[in-house]
Every structure is written in C-alpha cells, then in structure tokens.
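In what follows, a single structure is set out as structure tokens and then discussed.
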Amino acid sequence: MSGATNVADRTAAPARKRLAVFKFASCDGCQLTLLDCEDEFLALTDAVQIVHFTEATRTSLPGPYDVALVEGSITTPEDAERIQRVRADSRFLVVLGACATAGGIQALRDFGDVREFTEAVYARPEYISTLARSTPIAAHVPVDFELRGCPIDRGQLLEVVTAYLAGRKPRIPDRGVCFECKARGTVCVTVADGTPCLGPVTHAGCGAICPAFRRGCYGCFGPARDPNTAAQIRLLRSQGESPEQITRVFRTFNAASAAFLAASSAQRPDTEEELHDAPA
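Those letters in the sequence shown? Residues 0 to 279, per numbering that gives the first Met the number 0, in order.
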C-alpha cells in the first residue's frame with residue numbers, strides 16, 4: 000500500500016495557479032481583451048484556475064492568488080483601500096492598460112476642479128465620494144509588471160501569463176510606434192500628410208493601427224522608453240500647431256504619465272504646479 004501511495008504522489012498533477020481579475024475605474028476594454036483569449040485560456044486549463052473574474056463568471060473565491068490582473072485607475076477612497084487588499088492577497092500583480100498604468104483618460108480630471116465636474120454631471124453631487132485625481136495602481140501599491148495600451152494587446156497579455164507559468168521574464172518589446180509603421184510598410188502620416196502624430200514618442204504594441212488608417216498616433220500605449228518629447232514638440236510647432244493644440248495632443252489616454260505630463264505642461268507652465276498641488 001505504501002508503494003502504491005508513493006507512485007500516486009509522484010504522478011499527481013501539479014496544483015493549478017490561481018488567477019484573479021479585478022476591475023477599478025475603467026471601461027472594461029482590457030477585460031474584454033482577456034475574454035477574447037478564450038481559446039488560448041482553454042488550452043491552459045490544466046495550469047490555470049480562474050478564481051475571480053466578474054466579467055466572465057459568477058465564481059468568486061477568496062485569495063491568496065498566484066496572479067492578479069488589475070484593470071482601471073484609483074478614483075475613490077473605497078478603491079484605494081480595495082487595491083491594498085488585492086495586493087496583499089496576490090503573489091504576482093499585473094496591471095492592464097492605460098487606466099491602470101497612468102490613470103487613463105479619466106486623469107483629465109487632474110487638470111480641473113473635480114467638484115465642478117460632479118456638480119455638472121450628478122443631480123445630487125453630495126452623494127458622490129470621489130478623489131480629486133485619477134491615479135495609477137503603482138501610486139498605491141507595488142506592481143510586478145505593467146501592460147500598456149487602450150486596450151492592451153492580446154498577444155502581450157498571453158505572453159505575460161505564459162511567461163509566469165514558465166518562470167521567466169515576459170518578452171515585451173519596448174520600441175516605438177514608428178518601428179511598427181516601418182515594419183508593416185505604412186507611409187508616415189506626418190511626412191506624407193502633415194498629420195500630427197505621437198508615434199515617435201509612443202511605446203509600441205498596437206501594431207500602428209491608427210497610422211495604418213491614415214490617422215496620427217494618439218499615444219494610447221503611453222510614452223516610449225526615453226521619449227524625445229522636446230523634438231516632438233518642435234516638430235508639432237513646425238507643422239503650425241499652437242501651444243493649446245500641442246497640449247491637447249499629449250492629453251488623451253496617458254495625459255498623467257510623467258513624460259506626456261511634462262510635455263503638455265511645458266505649453267502651460269502653470270498647469271503642472273496646479274496638478275502637483277492637487278490633493279490626492
């Protein structure tokens with residue numbers, strides 16, 4: 000009997016990794032990218048158990064979690080407390096998308112008075128509990144890996160999950176969008192059409208989808224590594240863009256990311272001081 004037990008122990012399948020998905024302030028686009036990977040995740044069912052993912056299932060099991068995928072920014076006092084619990088329960092925490100990595104498009108609130116916004120939008124603003132700023136997950140807890148984009152790229156998501164299972168570092172390229180334009184043979188919209196484009200200073204990952212349709216890059220994957228935003232601003236000025244227009248170019252999906260914030264604030268020197276003085 001003992002020999003049979005030892006054989007069973009040696010042949011037993013290893014325990015599956017427990018994966019949880021959490022949403023904060025966001026549009027759910029990155030979670031939908033995860034759902035779009037349904038065939039690939041079915042192939043991983045022997046290795047991964049999804050224990051919490053309200054977008055996909057009613058099943059919700061408590062931690063601890065081996066991997067937590069977190070979408071969205073922190074915009075309420077309750078979420079600021081909840082992300083602390085998620086971090087404490089998670090061995091490996093990955094944040095997904097522009098909201099989670101830089102505050103998202105909702106970080107445009109950082110440049111105004113949030114009280115004015117709530118009074119304009121809600122009939123009873125006194126019932127609304129919200130923070131003055133929309134902040135990324137890393138402003139509140141340590142983050143193990145960041146995936147950029149609005150939404151994220153499904154291939155990069157699968158690479159992160161499989162890399163964790165294999166015990167290696169994810170292989171995510173850190174080149175710029177201009178590289179992707181060259182790789183797919185897309186004509187430069189700035190050179191050909193004079194279209195304002197953030198491709199030279201934006202992190203790759205989208206496949207240069209906007210320039211492929213003759214539109215400038217909006218910077219949804221955030222700043223590239225060591226972006227030369229000063230040169231980008233000079234280029235935009237040479238195209239006849241005003242300081243106000245340049246500010247708007249940088250203030251979209253990643254307006255509060257450090258490099259884009261500095262670039263837009265350079266057009267309006269008072270703004271960066273106001274933003275940094277705003278209460279969290």
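Where is the CB? At the ideal position from N, CA and C, for every residue including glycine.
**Q.** Residues of its chain near L156, where Cβ-Cβ distance is below 7 Å and the 5 sequence neighbours each way are ignored
**A.** T32, L33, C36 and L146
Q. To the nearest angstrom, how far is it from the Cα of T194 to the Cα of E240?
A. Straight-line Cα distance between these residues: approximately 10 Å.
Q. Nearest-angstrom Cα distance between C187 and Q238?
A. 14 Å
**Q.** Environment of S128 [buried if 16+ CB atoms lie within 10 Å]
**A.** exposed
Q: Going by CA-CA distance only, name the one from S25, V47 and A262 that's closest to I232.
A: A262
Q) Under 8 Å, do G215 and L235 count as touching if we go by C-beta distance? A) Inclusion of G215 and L235 in the CB contact set at 8 Å is not warranted, their separation being larger than that value.
(Q) So V50 and Y163 are supposed to be a Cβ contact under 8 Å. How far apart are they, rounded? (A) Not a contact, Cβ separation roughly 15 Å.
Q. Taking S59 as the reference, which of L41, F21, T44 and E39 has the closest Cα?
A. F21
Q) Who does Q210 pair with in a DSSP beta bridge? A) Note that residue 210 corresponds to Pro in the displayed sequence, not to Gln. In the DSSP output, where bridge partners are listed per residue, P210 has none listed.
Q: Confirm, please, whether the CB-CB distance from V160 to R86 is below 8 Å.
A: no
Q: Compare the C-alpha of I104 against each of A79, V94, F249 and A46 and name the closest.
A: F249
Q. For T201, which three-state DSSP category applies?
A. strand
Q: Classify K16 as buried or exposed, calling it buried when 16 or more other Cβ atoms lie within 10 Å of its own Cβ.
A: buried
Q: Could you have a look at L41 and say whether DSSP puts it in helix, strand or coil?
A: helix
Q: Using the DSSP secondary-structure output, state which residues sit across from H139 in a beta bridge.
A: For H139, DSSP records no beta bridge to any residue.
Q | Proximity below 8 Å, CB of D45 to CB of Y64 | A | no
Q) Buried or exposed: where does A19 fall if 16 or more other Cβ atoms within 10 Å of its Cβ makes it buried? A) buried
Q: In the DSSP assignment, find the unbroken beta strand (DSSP E) run with E70 in it and report its ends.
A: Y64 to E70
Q. In the DSSP assignment, what residue or residues form a beta bridge with K22?
A. E70
Q. So, are the CB atoms of A97 and N227 less than 8 Å apart?
A. no
Q | First and last residue of the uninterrupted beta strand (DSSP E) at E145 | A | F144 to L146
Q | Neighbourhood of V176 by C-beta, 6 Å cutoff - its chain only, sequence neighbours within 5 removed | A | G198, T201, A203, A207 and C216
Q) Whose C-alpha, out of L92, C209, D173 and G71, is nearest the C-alpha of G62? A) L92
**Q.** Backbone CA spacing between T75 and E39 [nearest angstrom]
**A.** Spanning the two alpha carbons is a distance of roughly 34 Å.
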